[in-house]
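Notes for the one structure printed next.
There are 2 protein chains.
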Amino acid sequence: MPTDLRRPERTFAIRQLCHEFKVTPRALRFYEDKGLLTPARDGMNRVYNHRDRVRLQLILRGKRVGFSLNEIREILDLYDHNDGGAAQMARSLKKFRERVVALKAQRDDIDGAIEALEAGCVRLEGQLADLRPDLLPQAADYDATMRRRLDAAE
Amino acid sequence: MPTDLRRPERTFAIRQLCHEFKVTPRALRFYEDKGLLTPARDGMNRVYNHRDRVRLQLILRGKRVGFSLNEIREILDLYDHNDGGAAQMARSLKKFRERVVALKAQRDDIDGAIEALEAGCVRLEGQLADLRPDLLPQAADYDATMRRRLDAAE
DNA sequence: TCTCGCGTTTACGTCAACGTCAAACCCAAC
DNA sequence: GTTGGGTTTGACGTTGACGTAAACGCGAGA
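So this is what it looks like as structure tokens:
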């Protein structure tokens, strides 16, 4: 009666998680050092379970939206402890709301930056259209430029 | 025939620029070190002209939209050689577009995080309403909590 | 048996963007 | 004349998120 690899009982070696999430082993050990991950051990080797995998997902998501590792750890801890006490839940709720406020502000900042940059793009496009219209497509199609560059790679 | 202070010939001391743009002298010297600014000298003291002021504006604007100082230096250099080459403008345009793409991705991440956190809030609110409805207002009114905290500050 | 290849720990290095002294200088005021 | 304020250079400190190198363990395979 072997363990189904797709069930939550499944475990992962460090390499597997690294490959799946495009991170280095060093990063995972670093997260462990900082208390964000606590994989089990098989002898010396780390063994990550389903919960660890989920936490890693959350860590990377948190990083993408600008949280520091410390902040991410706080949030993860809140998630963990929240069966314990109602007071903890209230504090979690407060923290969550604060995050939401901060994130919305951050999003507005980014929207502003996008606007500014797109205005700059329009200006540059106008000038380029006058000066050297032939250069416009080069700047325009980023993907095509990348593909050309990759094709040319020796 | 004295120089009109409002004309582009006007120069600035380090303090003036610092005050105007809310940066420290250390920052301006740092930007100079990194080749982003090249103020003249009066004896030992830095003298910033109109061009330096404009560049500083661009530096800070670039920082706000998420460029690193290195990237900003590149862009500024492009601007300088700008009369010469339209090709440089095309590259700037490409950089701008890349940044817009990155910013939009970041914004989408943030939107996802907001959704997740708000879902968490709803969940917590539901559980709290069952368990300890009295704790809800405490967590709910973030501003009021802040005000109370500020009032209590000794 | 010997060598791969992956794993481990410990410890030091790096990079960005400044902050934080320290020591020295200049100029004006009291 | 010395006190004070602003400036300079130089060097080291800081923070976050890892990278890198050294030195070793361990099981699999030629």
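Protein sequence lines, in the order shown, are assigned to chains U and W. Start counting at 1 in the first sequence, then tack on 82, and there's your number in the numbering used here. Start counting at 1 in the second sequence, then tack on 82, and there's your number in the numbering used here. Cβ coordinates follow ideal geometry from the N, Cα and C atoms, glycine included. Just so it is clear, the structure is predicted and the values come from calculations on it, not from any experiment.
The Cβ atoms of U/Glu-91 and U/Asn-131 sit closer than 9 Å to each other. Look at U/Ser-174: its C-beta is under 9 Å from a C-beta on chain W. Cβ-Cβ distances below 6 Å link U/Asp-134 to Leu-119, Pro-121 in the same chain, with the five nearest sequence neighbours on each side left out; the list follows chain order.
Using a Cβ-Cβ cut-off of 9 Å, W/Gln-98 does not count as an interface residue toward chain U, since no Cβ of chain U sits closer than that to its own.
Comparing alpha-carbon positions, the option among W/Asp-191, W/Arg-155, W/Asp-212 lying closest to U/Leu-140 turns out to be W/Asp-191. Across the region 202-215 of chain U, CB contacts with chain W closer than 8 Å involve Gly-202, Cys-203, Leu-206, Glu-207, Gln-209, Leu-210, Leu-213, Arg-214, in sequence order along the chain. Note on W/Gln-170: 16 or more other CB atoms within 10 angstroms of its CB, so buried under the neighbour-count rule. For a cut-off of 8 Å, the C-beta gap from W/Leu-199 to U/Arg-173 is around 14 Å, too long to register as a contact.
In terms of CA proximity to U/Val-204, W/Leu-175 leads the group W/Ala-109, W/Leu-213, W/Leu-175.
For secondary structure counted as the beta strand (DSSP E) over 3 or more consecutive residues, the region 91-167 of chain U holds these complete runs in sequence order: 122-124, 127-129.
Rounded to whole angstroms, W/Cys-100 and W/Pro-107 show a C-alpha spacing of 6 Å. Identification of residues in the region 182-202 of chain W having a C-beta nearer than 9 Å to some C-beta of chain U yields Val-182, Val-183, Leu-185, Lys-186, Ala-187, Gln-188, Arg-189, Asp-191, Ile-192, Asp-193, Gly-194, Ala-195, Ile-196, Ala-198, Leu-199, Glu-200, Gly-202, given in sequence order. For the pair W/Ala-168 and U/His-163, the Cα-to-Cα distance works out to about 59 Å. By the beta-carbon neighbour count (other beta carbons within 10 angstroms, threshold 16), W/Lys-116 is exposed.
Around the C-beta of W/Gln-98, fewer than 16 other C-beta atoms lie within 10 Å, and the residue is accordingly described as exposed. For W/Leu-158, the closest C-alpha among the options W/Glu-102, W/Arg-189, W/Glu-197, W/Val-136 is that of W/Val-136. Burial is judged here by how many other beta carbons sit within 10 angstroms of a residue's own beta carbon; U/Lys-186 has fewer than 16 and is exposed. Within a 10 Å sphere around the beta-carbon of W/Arg-123 sit fewer than 16 other beta-carbons, which makes this residue exposed. Inclusion of W/Arg-189 and U/Asp-193 in the CB contact set at 9 Å is warranted, their separation being smaller than that value. If you check each beta-carbon in the region 126-150 of chain W against every beta-carbon of chain U, the ones closer than 9 Å belong to Arg-143, Arg-146, Val-147, Gly-148. DSSP, read as helix, strand or coil, puts W/Arg-214 in coil. Contact between W/Gly-148 and U/Ala-195 holds: their C-beta atoms lie close to 6 Å from each other, under 8 Å. Within chain W, Ala-168, Ala-169, Ala-172 have C-beta atoms less than 7 Å from the C-beta of U/Leu-217, given in sequence order. Any Cβ of chain U closer than 9 Å to the Cβ of W/Phe-178 would place that residue at the interface, and such an atom is present. Looking at U/Leu-138, U/Gly-125, U/Glu-102, U/Ala-201, the one whose alpha-carbon comes closest to that of U/Glu-114 is U/Leu-138.
Across the structure, U/Asp-212 and W/Lys-145 are spaced so that their CA atoms are roughly 29 Å apart.
Excluding the 5 residues flanking it on each side, U/Leu-218 has same chain C-beta neighbours closer than 6 Å at Leu-210, in chain order.
Contact check for W/Phe-103 against U/Gly-202 fails: the beta carbons are separated by 9 Å or more.
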